[in-house]
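Quick note: to get my numbering, add 6 to the position in the first sequence (first position is 1). Notes follow the structure.
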Amino acid sequence: MSYTLTTPLYYVNDRPHLGSTYTTLACDALARFERLRLQKVTFVTGVDEHGQKIQRTAERQQLSPQDHCDRVSSRYRDLWNQWGISDDRFVRTTNPRHLELVVQFYERVKASGDIVVGKQTGWYCVDCEEYKDDPAEAESPSCSIHRKPLEWRDEENLFFRLSRYQSAIEELVARDDFIAPASRRQEVRNFVAQGLRDFSISRVNVSWGLPVPDHPGHTFYVWFDALLGYLTALLDDGEAVSLDRLASCGWPASVHVIGKDILRFHAVFWPAMCMSAGLPVPQKVFGHGFLTREGQKMGKSLGNVLDPELLLERCGTDAVRWYLLRDIQFGDDGDFQQQRFLDLVNNDLANTIGNLLNRTSSMARKWFDDGVPPAGKASSADHPLAIKAAETVRTVIEAMPQLAFKTAAESILQLAIAANGHLSDTAPWSRMKEPGQEASVAEDLFAVLETTRIVGLLLAPLLPELSGRILAQLGQSLDPNNWSNQLNWGRLSSGSPLPKPTPVMQRLELDEPL
RNA sequence: GUCAGAGUAGCUCAGCUGGUUAGAGCACAGGAUUCAUAACCCUGAGGUCGGGAGUUCAAGUCUCCCCUCUGACACCA
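In C-alpha cells:
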C-alpha cells in the first residue's frame, strides 16, 4: 500500500520558523512510522516561491526574485537535513516541471468549463494585498488593519467556478474522516454552508508568477500554483510530467498536514480543483494548532521568536522533537515554555528512559558477565512487563496513524515508568546479596532490558536518534523491514554481550535562556 | 456584530450519555533506597470545577443569564 503525506509548501518570504519546523517534524514522525509499518511512503515537502510578496521582499534586498528564492529555499532544505527529516520529495514551485504541470492542470479545469473571465471588483487594501468585504456602496471605507483608505479596483481576472462544486464539497466536508481534528470540522462546514463563491486564480499586475497560457499579462494566483506543487512533487520521479501518471505516483495523498490557518484552502478550494481536473481528492486534511511562547504569540514585533536553527544547535533534535510531540496535543495550540521543556526532556528522556537503561545494563553487566542475563521465565509473554509492553505497542500502533503523537509518546513513557517500578519492587541490588537468588534476579533484569528494547523500538519514529542509541546500548539495531516482529516480547537473547553503558541522553542545562 | 469552542489544583490538561471523598503529568513537600545520569520508587499537600440563578433525590457534567478568552465570518503561504 502506498502512503503519501505532505507538509505545506512553505512560503519563502522569510527564513524558516519554528512553526514550519513543527509541522515538518510531526510529518517526519508519521512518515517514519508508516515506513516501519511497511507502507510505501512518499513524504512530500517543499517551498512555494511565487507571488507579489516575495517579489517585493526580493526587491527590498536588491535581489532578483529567483535569487531570493534560491537562498531561502536552500535554508529550508538545509534545515530539514539538519533535523534529520526523512522527506522523499522536496519540491520548488519555480522548478520548470512545475510550470508544465500547472499548465496541464489548467487545461483540464478549463476543459471542464470551470474557468471564466470575470471582473474582480471591490475595495482593495494595497498594504494587505487583498479585497475587503466592505459593501460596494460604502462611501470611503478604510482598512481596519492598516488604517488607510481602501482603493476601488476593477480588474479582469480568471475565475475558478467553485460555486459549481457546492454540493460535492458539502458532502466531502461532512465526512467525519476528511477534516481533522474534529474540532475544526464544524468551522469549515459552516463556511461551506454559507455558499461557495467563485474565486480568482489569476492576477494581471504580478510579474513574479507563472504565466497563464492563453491570457497574456496574467499570472496564476499563488494559491492556485502552490497547491499544485503537491502533484509536481509526486511526479518528480524522473519520468515525464503527466497528470495521467498520478494514480501510480501516490495520488491521492493520504493526508495533508497543515497549520490551521490554511485549512480552508486545503479542505475546500483544493478538493474542488481536483474534482474539476478529474483527480481524486485527498483522503484527509489535518490542521494542527499554532505555537506560542511563554503564553505570547511569537513574532518579530515582540522579538520573541524561537529560531529553529538555534534550538537545534543548543538542544538537539531529540529534545525538541520529544517536547513538541509529547507535550502538545497535535491539533491544539501549544505553548513553548522553556522550564517545562527542560523538565520534560530531563525527566522523561534522561531520567526515566535513559537512566533506566543505564542502571539495568550496569547491573546485568556486573552480575551476569557483561551480557544479557538468562531469561528464565521472563521470556514468557505473560510476564507483567510483557503484558504492559504489548499494551503499549497496541496503543502506539493505534495512535500514530491518527497523528496522536502525544498519546503514543505518553504510553511509551509509561512503559519505562513501569519498568523502573519493577526494579524498585524486585530490588535486584539487594537480592543479589542473598544466596541462591541469581536466577530470579536474572529474570527480572532480563524483563527490564527487554522492556527497554521495546521502548527503544517504539521511539524509532518519534526520536530516531535516541532510539538508535538505546538499541545500540542493548547490542541491537532497528530492522526497518521487520519492526513489527521486533516488537514482540522476548527477542533479546541471553548471553549476548552488552556494551559498556554511557548515558544515551544527557540532561539538558542551559547557561542562558533560549 | 453573528456563529463556534473554551474557562477544572501554581502550570498544561483528562473528566463519555448527570450518581460514592473531582483525576493525571510537571512544579512543590516529606519518606524510602543506593543498581543508576544527585537518577529511580512511595506518600502528601494543593481545587467554593469563571460568576449567578434554575431543573433534579443528585450537576464540573443539563437549562437560562452574565463575565473573560480563542477561532471562523473568502481569496493572508
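For each residue, glycine too, the CB sits at the ideal point set by N, CA and C.
Of LYS266, MET281, LYS46, the smallest CA-CA separation from ASP120 is found for MET281. Annotation: PRO509 to ASP76 spans about 41 Å, alpha carbon to alpha carbon. Contact annotation: the segment 257 to 272 does not touch the segment 76 to 92, with fewer than three C-beta pairs closer than 8 Å.
Residues of the same chain with a CB within less than 6 Å of the CB of GLY215, apart from the 5 flanking positions on each side, are HIS56, THR225, PHE226 in chain order. Around the beta carbon of MET511, 16 or more other beta carbons sit within 10 angstroms, so the residue counts as buried.
By the Cβ criterion, the segment 319 to 338 is in contact with the segment 450 to 470, since at least three pairs of Cβ atoms, one from each stretch, lie closer than 8 Å.
When secondary structure is reduced to three states using DSSP, ARG513 falls in the coil class, being assigned neither helix nor strand.
In the structure shown, the three-state DSSP call for LEU11 is strand. For GLU55, the three-state secondary structure derived from DSSP is coil. Taken through DSSP and simplified to helix, strand or coil, THR99 comes out as coil.
Using a Cβ-Cβ distance cut-off of 8 Å, the segment 337 to 351 and the segment 295 to 313 are in contact, since at least three pairs of beta carbons, one from each stretch, lie closer than that value. Here THR30 is buried: its Cβ has 16 or more other Cβ atoms, across all protein chains shown, within 10 Å. As summarised for the segment 395 to 442, the continuous alpha helix (DSSP H) elements at least 4 residues long and confined to that stretch are 411 to 432, 434 to 437, given in chain order.
Comparing alpha-carbon positions, the option among LEU464, ARG98, ALA448 lying closest to SER417 turns out to be LEU464.
Per DSSP, reduced to three states, the secondary structure at PRO503 is strand.
Distance between VAL274 and PRO258, taken at the CA atoms: about 15 Å. For TRP495, there is no enclosing beta strand (DSSP E), as DSSP marks it with neither H nor E. Rounded to whole angstroms, the separation of the alpha carbons of GLU440 and ALA35 is 46 Å. Counted as a single uninterrupted DSSP element, the stretch harbouring LEU234 is not any beta strand (DSSP E), since DSSP gives it neither H nor E.
A straight-line Cα-Cα distance of about 10 Å links ASP182 and GLN192.
Cα atoms of LEU363 and LEU429: separation of roughly 11 Å, rounded to the nearest angstrom. For ASP242, the closest of ARG95, THR100, GLY496 by C-alpha to C-alpha distance is ARG95. Note that the C-beta distance between ASN357 and LEU514 is not below 8 Å.
Between ALA453 and LEU391, the beta carbon gap of about 5 Å places them in contact (Cβ cut-off 8 Å). In the DSSP annotation of this structure, the continuous segment of the beta strand (DSSP E) that includes GLU162 starts and ends at 157 to 166. Residue pairing of SER206 in beta bridges, as defined by DSSP: PHE165. Put simply, the backbone Cα of LYS372 is about 47 Å away from that of SER26. Here GLN289 carries a coil assignment [DSSP, helix/strand/coil]. In the three-state reduction of the DSSP assignment, ASP243 falls in the coil class, being assigned neither a helical nor a strand state. Around the beta-carbon of TRP328, 16 or more other beta-carbon atoms lie within 10 Å, marking it buried. LEU249 is positioned such that its CB atom lies closer than 8 Å to that of PHE111.
Shown here for TYR17: same chain residues with a beta carbon closer than 7 Å to its own, the five before and five after excluded, namely ASP54 in chain order.
Of the candidates PRO486, LEU520, PRO505, LEU520 places its Cα closest to the Cα of GLY309. The C-beta distance from GLY481 to LEU504 rounds to 6 Å, short enough to fall under 8 Å. Look at GLN302 here: in three-state DSSP terms it is strand.
Put simply, the backbone Cα of THR401 is about 8 Å away from that of THR413.
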